[in-house]
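Peer 1:
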Amino acid sequence: MTPLSPAAAALPLPRPVAAGRAELMLVAAAVFVSPMNYLRASFAYVTLGDLFTVLALGAMMLGHGLPLRPFGALTRAWYGCVLMLTGGLVLGSALRGDLVSGLIVASQYLFSLLVLPMVLMQRPRAEVLLLIKVFVLGMVFVMAHGIWVIEFDPGDARFVTPSGRLATLVERENAAASLAALAITFALWLYFIRELGIVLLLCLLAPLGYGLLLTGSNTGFFLTAIGVVALVALSGSGRIMLGMLAMLAGLAFVILGWGELFLPDIFLKRVFGALSTGNMDEAGTFSDRMFLIREAYDLTRHTIIVGLGADQYRLISAHGAPVHNTYLLLLAEGGLLSLTGHVGLIILGLMMGWAAMVSRRGRWFGVLTVTIVVLLALVQNGLAHFYARFWAVPWCLALAASLQADADPVPPAA
Numbered sequence: 001m002t003p004l005s006p007a008a009a010a011l012p013l014p015r016p017v018a019a020g021r022a023e024l025m026l027v028a029a030a031v032f033v034s035p036m037n038y039l040r041a042s043f044a045y046v047t048l049g050d051l052f053t054v055l056a057l058g059a060m061m062l063g064h065g066l067p068l069r070p071f072g073a074l075t076r077a078w079y080g081c082v083l084m085l086t087g088g089l090v091l092g093s094a095l096r097g098d099l100v101s102g103l104i105v106a107s108q109y110l111f112s113l114l115v116l117p118m119v120l121m122q123r124p125r126a127e128v129l130l131l132i133k134v135f136v137l138g139m140v141f142v143m144a145h146g147i148w149v150i151e152f153d154p155g156d157a158r159f160v161t162p163s164g165r166l167a168t169l170v171e172r173e174n175a176a177a178s179l180a181a182l183a184i185t186f187a188l189w190l191y192f193i194r195e196l197g198i199v200l201l202l203c204l205l206a207p208l209g210y211g212l213l214l215t216g217s218n219t220g221f222f223l224t225a226i227g228v229v230a231l232v233a234l235s236g237s238g239r240i241m242l243g244m245l246a247m248l249a250g251l252a253f254v255i256l257g258w259g260e261l262f263l264p265d266i267f268l269k270r271v272f273g274a275l276s277t278g279n280m281d282e283a284g285t286f287s288d289r290m291f292l293i294r295e296a297y298d299l300t301r302h303t304i305i306v307g308l309g310a311d312q313y314r315l316i317s318a319h320g321a322p323v324h325n326t327y328l329l330l331l332a333e334g335g336l337l338s339l340t341g342h343v344g345l346i347i348l349g350l351m352m353g354w355a356a357m358v359s360r361r362g363r364w365f366g367v368l369t370v371t372i373v374v375l376l377a378l379v380q381n382g383l384a385h386f387y388a389r390f391w392a393v394p395w396c397l398a399l400a401a402s403l404q405a406d407a408d409p410v411p412p413a414a
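Shown next as structure tokens:
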């Protein structure tokens, strides 16, 4: 009986093989639902994606085991930076804040920055590409659902804000727009390396782009522009640069000339108006955010050594809210130790991407990593804490691409 005979095919799979297939399906499920923040427990920040992640960990232990060095040669440095980030928050919480809050927030960061990488990193290139496609499909589903809600049930406060902005299953309009920007960047990259055809690319970009417009998010709009420009510029391909320049010029001409005829009202009000007039007050809560940032600058002069502790900023803020700037918030709540750890994680990500970029066979994978890491570093200027899994998953996928960059020859750019 040969291995390819029908009788052999009917035999049960060996336990490691069966566990491996189950594991990949569970990981794909975790990636797909990661943007769907709405699907979480009411008693704690535990998402449906977390459940799939834990199940995938179990399947991995039954199969080939957990990767001991998920970040390759930089694993120890990554672990050290995570320890600094969480250690500063716990230290501040123990000395100046609420230790229980510190431990809760630290555990969330540890899950996102240590547990998730064990599941997503050090996978074969084919699996990394598959998971990136799954993430893009997850965001397409999120935006398609949001478009349906806007069209047929615009009063649903779970997914639409009182001002009419689309919050989607992410439950945050700016976060949804930023994730759409990441998904658009991933999709374009897949097209450039010939993993997607032009027809499928356009089918994916349609709901992502229209959903982005419905969020009315300046952050998402600019992140998308930066992601596309960075991807094209770092590609080093003159043909791609000229083609993208011509497309963007045509798009800008149409939008500026006739945009008011077909763009969603919320986009015209919050984004198009600010772009046309240069008045950032039309962008929504810009002035409120700047107040919180100025407040944070004054506060952080007293939190360099020991921070306030996790979730303590909102208690002393005049607005009763945390500053929407991850860097300032970590400096305020975790001191310089937490901020240094956070910046270290970003630098390590850029190092992984750069190492792949200088490799001839892995250049496109390094381009993706650097672009996504830069986008995430920029979006954190408008976030509070960033332990949500919908941030960690695209981050890990981008890093995983560079760690497997030299596995096989890279096809020429489209």
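For the sequence shown, UniProt numbering assigns the number 1 to the initial residue and increments by one for each residue that follows.
Ideal Cβ positions, reconstructed from N, Cα and C, are used throughout, including at glycine.
Since we're looking at a predicted model, the values are computed, not measured.
According to DSSP, is V358 helix, strand or coil?
Peer 2: If DSSP states are grouped into helix, strand and coil, V358 belongs with coil.
Peer 1: My understanding is that P35 touches L179, with C-beta atoms under 8 Å, so please give their C-beta distance in whole angstroms.
Peer 2: Going by Cβ atoms, the distance from P35 to L179 rounds to 5 Å, so yes, they are a contact pair.
Peer 1: Give a yes or no on contact between the region 350 to 362 and the region 99 to 113, applying the rule of three or more CB pairs nearer than 8 Å.
Peer 2: The answer is no - the region 99 to 113 does not touch the region 350 to 362, with fewer than three Cβ pairs under 8 Å.
Peer 1: Please specify which runs of the alpha helix (DSSP H), each continuous and at least 4 residues long, are wholly inside the region 172 to 201, giving them in chain order.
Peer 2: Those alpha helix (DSSP H) runs which fall completely within the region 172 to 201 and span 4+ residues are 173 to 192.
Peer 1: In this structure, how does DSSP classify L4 when only helix, strand and coil are distinguished?
Peer 2: Any reading at L4 must be qualified, since the residue scores a pLDDT of 44, below 50, and its modelled position is unreliable; the value itself is stated next. Three-state result, L4: coil.
Peer 1: For G220 and A177, which I take to be in contact (beta-carbon distance under 8 Å), what is that distance rounded to the nearest angstrom?
Peer 2: Confirmed, Cβ separation roughly 2 Å.
Peer 1: What did DSSP end up calling residue 417 once you bin it into helix, strand or coil?
Peer 2: As displayed, the chain neither begins before 1 nor continues past 414, which places residue 417 out of reach and without an answer.
Peer 1: Consult DSSP for R40 and reduce its assignment to one of helix, strand or coil.
Peer 2: In this structure, R40 counts as strand in the three-state DSSP scheme.
Peer 1: Return the chain-ordered list of same chain residues with a C-beta closer than 6 Å to the C-beta of T224, the five sequence neighbours on each side being excluded.
Peer 2: Once the five neighbours on either side are set aside, the close Cβ partners of T224 are A181 and I184.
Peer 1: Which whole runs of the alpha helix (DSSP H) in the region 20 to 82 are 4 residues long or more, in chain order?
Peer 2: Within the region 20 to 82, the complete alpha helix (DSSP H) runs of at least 4 residues are 48 to 62.
Peer 1: Can you pull the DSSP bridge partners for V100?
Peer 2: Answer by DSSP bridge pairing: none, since V100 is not bridged.
Peer 1: Drop a sphere of 10 angstroms on the beta-carbon of I198, count the other beta-carbons inside from all chains shown, and report buried for 16 or more, exposed for fewer.
Peer 2: Counting Cβ neighbours within 10 Å, I198 comes out exposed, since fewer than 16 surround it.
Peer 1: To test your reading of the DSSP string, which unbroken alpha helix (DSSP H) runs of 4 or more residues are found completely within the UniProt domain "O-antigen ligase-related" (205 to 339)?
Peer 2: Within the UniProt domain "O-antigen ligase-related" (205 to 339), the complete alpha helix (DSSP H) runs of at least 4 residues are 218 to 235, 238 to 262, 273 to 277, 286 to 300 and 313 to 316.
Peer 1: Please state whether DSSP places L166 in a helix, a strand or coil.
Peer 2: L166: strand per DSSP, three-state reduction.
Peer 1: Are V373 and G349 touching if we call contact CB-CB under 7 Å?
Peer 2: Contact flag set, yes.
Peer 1: Please state if the CB of L383 and the CB of G88 are separated by a distance shorter than 7 Å.
Peer 2: Not a contact, by the Cβ cut-off of 7 Å.
Peer 1: Are the beta-carbon atoms of G307 and E333 separated by less than 7 Å?
Peer 2: The answer is yes: Cβ separation under 7 Å.
Peer 1: Quick one, which of P207, S42 and R389 has its alpha-carbon nearest I150's?
Peer 2: Ranking the options by Cα distance to I150, first place goes to P207.
Peer 1: Use the C-beta contact count for R123: other C-beta atoms within 10 angstroms, 16 or more gives buried, fewer gives exposed.
Peer 2: Buried, by the Cβ-count rule.
Peer 1: When the Cα atoms are used, what is the spatial distance from M244 to A377?
Peer 2: Distance between the alpha carbons of M244 and A377: 24 Å.
Peer 1: With DSSP run on the structure shown, which of helix, strand or coil describes C396?
Peer 2: Of the three classes helix, strand and coil, the one that applies to C396 here is helix, per DSSP.
Peer 1: By DSSP's criteria, V370 is part of a beta bridge. Which residues make up the other side?
Peer 2: Bridge partners of V370: none, in fact.
Peer 1: Roughly how many whole angstroms lie between the Cα atoms of V393 and S402?
Peer 2: Rounded to the nearest angstrom, the two C-alpha atoms are 15 Å apart.
Peer 1: Can you give, in chain order, each stretch of the alpha helix (DSSP H) that sits fully within the region 114 to 153 and has at least 4 residues?
Peer 2: Listed in chain order, the complete alpha helix (DSSP H) runs (minimum 4 residues) inside the region 114 to 153 are 116 to 120 and 125 to 152.
Peer 1: Assuming V82 and L114 make a contact with CB atoms under 8 Å, what is their CB distance in whole Å?
Peer 2: Between L114 and V82 the Cβ distance is about 6 Å, and since that is below 8 Å, they are a contact.
Peer 1: Which one of F253, A22, S93 and A44 has the shortest CA to CA distance from L62?
Peer 2: Looking at the Cα atoms, A22 is the closest of the given residues.
Peer 1: Alpha carbon to alpha carbon, what distance is there between F365 and L234?
Peer 2: Looking at the two C-alpha atoms, the distance is approximately 11 Å.
Peer 1: Take A230 and list the residues in its own chain whose beta-carbon comes closer than 7 Å to its own, dropping the five residues that flank it on each side.
Peer 2: The residues are T371 and V374.
Peer 1: Short of 8 Å in beta carbon distance, which residues of its chain neighbour Y327, apart from the five on each side in sequence? Order them along the chain.
Peer 2: The residues are L339, H342, V343, Q380 and N381.
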